[in-house]
Amino acid sequence: MTNPKYSPGMTLVEVMVVIAIIAVIAAVAYPVYTGSLQKARRADAKTALAELAQLEENFYVNGNVYTTSFSTLFGNATGKYGFTIQGNNLLSKEGYYLISFPDDKNTKLNRNFTLQAEPVASEAQAGDTNCKRFEINAIGQKEAWDADGNQSDDC
């Protein structure tokens with residue numbers, strides 16, 4: 001026979017302990033999770049820059065000059081490559097990065113090119129302060145900078 005004063009179940013203290021344990025786990029796991037997402041999204045920029053550098057090299061082979069215009073680079077085939085032209089810039093395939101030809105690094109003689117990728121301000125990747133900007137140039141040199149403008153090797 002069961003004791004009428006004893007009711008099986010959990011006490012309030014036990015429930016609070018379980019909630020506290022879940023909160024501690026969440027506090028540790030959430031930053032790790034968001035950091036992993038940011039790191040994974042960086043591949044969008046790296047892949048886009050590598051593909052565009054290859055297209056620039058193909059353009060150079062055909063015309064002996066590089067271009068600093070995505071309209072010229074793609075012609076009417078933008079959709080074929082999965083990019084979206086936005087004015088003078090290009091939106092990466094996943095939409096996390098805006099790619100441009102920085103004016104201060106591209107010569108008017110079109111014997112060199114530099115492509116730059118920065119997170120779209122309205123996207124989740126904008127919070128990635130460790131790898132704020134990626135670049136690739138005509139000789140294949142790849143560089144990355146953090147939010148303070150320092151070169152970053154963590155990208």
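For what it's worth, my numbering labels the leading residue of the sequence shown as 1, then goes sequentially.
The C-beta atom is built at its ideal place from N, Cα and C for all residues, glycine as well.
Measuring CA to CA, which of R111, S152 and V120 is closest to S100?
-> V120
Strand pairing of T84, partner residues [DSSP] = L91
For E56, which residues from the same chain have a beta carbon less than 8 Å from its beta carbon, with the 5 sequence-adjacent residues on both sides left out?
-> Y66, T67, L73, F113, L115 and A138
Smallest Cα separation from L49: which of K142, D154 and V32?
-> K142
Taking C-alpha atoms, which residue in L37, V17, E135 and N110 lies nearest to N64?
-> N110
Return the Cβ separation of G75 and K93 in integer angstroms, given the expectation that the two are a contact with Cβ distance under 8 Å.
-> Contact doesn't hold; Cβ gap of about 18 Å is too wide.
C-beta atoms of N196 and L98 nearer than 8 Å = Absent from the structure is residue 196, since the part of the chain shown begins at 1 and ends at 155.
For F59 and E135, the rounded distance between their alpha carbons = 19 Å
So is Y30 buried or exposed if we call it buried at 16+ other beta carbons inside 10 Å?
-> exposed
How would you call A124, buried or exposed, if buried means at least 16 neighbouring beta carbons within 10 angstroms?
-> exposed
What residues match up with I99 in a beta bridge as DSSP calls it?
-> L90 and A117
Assign A20 to buried or exposed, taking buried as 16 or more other Cβ atoms, counted over all protein chains shown, within 10 Å of its Cβ.
-> exposed
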